[in-house]
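J.: Protein chains in written order, with the working numbering: chain A, 5 to 317; chain B, 24 to 620.
Starting off with a structure, shown below.
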């Protein structure tokens, strides 16, 4: 009886942790989902942009004390939110000078050939960012210090880590804000038009290259915010990006490549899988569980939960 | 064929010279650090050759070759540490483990395309990394053997390892060279350049890819095994890590994709560069190696996307051939064509192709709806219909690109429903495409040879069949050695026709072969098609315009919205009111009726 009770508690605890982590994963996946949805570009460096976001938040909060005056509670959150615009600019510039060379309306229509150059270019960017990060930031794991990460709310027997819970709330808010931006504003609509049919969008006056640049900056910026939020409850080092690339792609593919809303649910699901896998698997294998889930999704439902089926001959 | 042997000998000589010079250099070097670096160059060249075998030749990008490298390394290490098995056996064992892993990974993963494949491949080594950490192999070192060290591949002289690594590289280079020049490599190249065309030309893509994966995994595992012997310490991060996969791809890509020299060149440039920088600056700039690799592939993909080897080679060829300008645009050699006899009443054999109630829907759209038709042997059977009538879908169902939802398809009395494209081709059905699907980086002859593989057992026979097919379409001379990328529309259509003819099919499916051609070009192509038909090949041809077809076809069928709305002799069908309506709409029907009458 007692045994069963604790099992249920463990289950609820893992589920709560999964949901909270999943919210942040969801926001990360949304960032990646925008880039894939609008540009049809497989961005391998996405995890490293998240890493940049984490360090941006870290230095904003601790290094230069820019937002330290806001105190240990609000400071990290503002730091995470500010990481977004910073990484947006980095992404915008990288797109303008590098990525635009191998992407664009021309490549969107070519199904396989164009991806080759993109995948490899973004892999190169990933290597430069991760190892450049090692040079700039050092290899010692750090985290954004906030008293929140040591405090919990208790709901019955279940503990909710405050840093994660607040991260979850802000992540959901950002995702909703982004959704409104894409559906209500004319810029957002232009982005979606460019995503849907770049050629037709160009004919009705959408500057597709500009739309791509904004989408890329937006995508990495959003993920950087998620990274900044995540940094409150997780220590990180410059190589963290590679692991998260798979986590994020798992979420995006699960939600359906090209579906931005789906990406959020996909990320949430991945968070749940990761945390709940600890109920049955050793702790070290939680990422292996994600990879296995990822492979299963890719094999059996590559169009994801919300994706469209692409039929071409 | 002499030319071929000479070219093989040249390559063997080049490999031998490379090996001898490299080893001489290595033996001259006294510094053991440089010797180690020279050995690492060879290991990464082996690894790059492994990556190239799969991704370079077949075009499926793998980010996961660390999986095989790591399995090779850990097999050697665990066999040594736990069971006392010497690496002399451990490395071959690792290769076997690698090949098995290659098959297990390949079977599910080859179902994926493009970026899905790349991403899935990335997941395998990372998953293994955590598993090996969890199993407690965080850091395994190979113990020193005091007595009889050579039996355990332990040498005091670094140069012995260099020789071992050199043997591995040379073996991989020779294997790669033979693959490149055989039907294996050409099939992979065809798959890389245009998968549907390759399958329709009778190439079994799944089989060749699996062979490539197995060889590829074997090479990567071998590299991993030797790596373990040399570094003596194996950690999951160092052998399964993302940087290991990236390094395989980078040396191959930098040096040149799709050639066995590429990974060797790339490794010889990048590994010393990165290692030296790491040694000089590593203490202040710890990630400098990775930055170098990253910058290297960014630059290479923007400047020379196929690698240094091809860039240099294209330069050299351009310089050499600038003098004799392209004077070979001479018109096709006259082929003996019997005079046009379309008006003569022709007789045909038994039904060769029979469709019974064949349907294919995409969601709610019935692209092919309950089509029943029968094509007698020896006929030129025209299928016409407006755009979107389902003509190409019908061909795609016929040659196995798409499964039919229902109905039966019989060819020569045998059911062909459910066969794969290459199997359909093997039964004797060739096809061409509406948008010509050429292999642009191959010559015309090579394009056609790819089509001839299915009808031949040796490569020489394939070449003979290809030449014969080219002769039939009048392209056997100068044009045979032109690159397909530079052909005119008419030449491309003829080349595709030759490719479909090469394995001597009984039935040809021609998809809008005449579309977009001017009158002069039609006058060239129509007699060739008639001649092919007269030589005993039954032809089904799709067009959406009628005028050229009237001169060619013995029988018309009209498709509209997936349904067969008319069928009969051309003269009859063109007067059919339903046909006119399908083409012009109801509004125009009366006016059209007047004109036709």
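All residues carry an ideal CB built from backbone N, CA and C; glycine is no exception.
Give the interface partners of residue 156/B over in chain A, defined as CB-CB distance under 8 Å, in chain order.
T.: 288
J.: Could one say the Cβ of residue 391/B lies closer than 8 Å to chain D's Cβ atoms, at least one of them?
T.: In summary, chain D is missing from the structure at hand, where the protein chains are A and B.
J.: Please confirm whether residue 167/A has its beta-carbon closer than 8 Å to some beta-carbon of chain B.
T.: For residue 167/A, no CB of chain B lies under 8 Å from its own CB, so it is not counted at the interface with that chain.
J.: Going residue by residue through the stretch 214-302 of chain B, where are the continuous alpha helix (DSSP H) segments of at least 4 residues, counting only ones entirely within it?
T.: Along the stretch 214-302 of chain B, the alpha helix (DSSP H) occurs as fully enclosed runs of 4 or more residues at 218-223, 228-254, 259-263, 265-278, listed in sequence order.
J.: Below 7 Å on C-beta distance, what does residue 134/B contact in chain A?
T.: 303
J.: Note down, in chain order, each residue of its chain lying with its Cβ closer than 7 Å to the Cβ of residue 372/B, except the 5 sequence neighbours on either side.
T.: 399, 400, 401
J.: Who are residue 578/B's beta bridge partners in DSSP?
T.: 404/B
J.: So, do the stretch 411-418 of chain B and the stretch 565-572 of chain B have three or more beta carbon pairs nearer to each other than 8 Å?
T.: yes
J.: Between which two residues does the alpha helix (DSSP H) holding residue 162/A run?
T.: Note, residue 162/A: premise wrong, no alpha helix (DSSP H); beta strand (DSSP E) at 162-165.
J.: I need the boundaries of the alpha helix (DSSP H) containing residue 106/B, first residue and last residue.
T.: Taken as a continuous stretch (DSSP letters only), the alpha helix (DSSP H) holding residue 106/B covers 89-106.
J.: Of the choices 287/B, 332/B, 196/B, whose alpha-carbon is the least far from that of residue 34/B?
T.: 196/B
J.: For residue 307/B, does the three-state DSSP call read helix, strand or coil?
T.: coil
J.: Would you be able to state if there are at least three C-beta pairs under 8 Å between the stretch 48-56 of chain A and the stretch 226-240 of chain A?
T.: yes
J.: Give the single residue among 324/B, 27/B, 29/B, 64/B whose Cα lies nearest to the Cα of residue 294/B.
T.: 64/B
J.: Give the DSSP-derived three-state secondary structure of residue 389/B in the structure shown.
T.: strand
J.: Within the chosen definition, does the stretch 303-315 of chain B reach the stretch 216-232 of chain B through at least 3 CB pairs nearer than 8 Å?
T.: no
J.: Report whether the distance from the Cβ of residue 109/B to the nearest heavy atom of the ligand HEM is below 7 Å.
T.: As far as ligands go, the structure on display features none, and thus does not contain the ligand HEM.
J.: Decide yes or no for the touch test of the stretch 280-287 of chain B against the stretch 79-87 of chain B: beta carbon pairs closer than 8 Å, at least 3 of them.
T.: yes
J.: Look up residue 202/A in the DSSP assignment and say whether it is helix, strand or coil.
T.: Helix at residue 202/A.
J.: With 8 Å set as the bound, which would you pick, yes or no: does the beta-carbon of residue 322/A sit closer than that to a beta-carbon of chain B?
T.: The structure shown does not extend to residue 322/A, since chain A is modelled only from 5 to 317, so the question has no answer here.
J.: If you run the structure through DSSP and keep just helix, strand and coil, what is residue 175/A?
T.: helix
J.: What's the call for residue 592/B, buried or exposed, on a 16-neighbour Cβ count within 10 Å?
T.: exposed
J.: Given residue 185/A, which residues of its chain have a CB within under 6 Å of its CB, disregarding the five upstream and five downstream residues?
T.: 192
J.: Taking only the alpha-carbon atoms, compute the straight-line gap between residue 585/B and residue 425/B and give it to the nearest angstrom.
T.: The alpha-carbon atoms of residue 585/B and residue 425/B are separated by roughly 15 Å.
J.: Check the Cβ-Cβ distances between residue 294/B and every residue of chain A, and say whether any is below 8 Å.
T.: Chain A places no beta carbon closer than 8 Å to that of residue 294/B, leaving this residue out of the contacts.
J.: Rounded to the nearest angstrom, how far is the Cβ of residue 81/A from that of residue 174/A, given a contact under 8 Å?
T.: That pair is a contact at about 6 Å.
J.: Roughly how many whole angstroms lie between the Cα atoms of residue 250/A and residue 30/A?
T.: 13 Å
J.: Beta-carbon of residue 132/A versus every beta-carbon of chain B: anything under 8 Å?
T.: Closer than 8 Å to some Cβ of chain B, the Cβ of residue 132/A qualifies, so yes.
J.: Hey, does residue 298/A have any beta-carbon neighbour from chain B nearer than 8 Å?
T.: yes
J.: Thinking C-beta only, is residue 324/B closer than 8 Å to residue 124/A?
T.: yes
J.: Relative to the C-alpha of residue 86/A, which candidate in 106/A, 75/A, 59/A has its C-alpha closest?
T.: 59/A
J.: Mind reading off the beta-carbon distance from residue 536/B to residue 520/B? Whole number of angstroms is fine, and I expect it under 8 Å.
T.: 7 Å
J.: Should residue 188/B go down as buried or exposed, given a rule of 16 or more other Cβ atoms within 10 Å for buried?
T.: buried
J.: Contact check, residue 279/B vs residue 332/B under 8 Å by CB: the rounded distance?
T.: 3 Å
J.: Let me know the alpha helix (DSSP H) ranges lying completely inside the stretch 529-568 of chain B, each 4 residues or longer, listed in chain order.
T.: 542-557
J.: When we look at the beta-carbon of residue 253/A and count the other beta-carbons within 10 Å, is it buried (16 or more) or exposed?
T.: Residue 253/A comes out buried.
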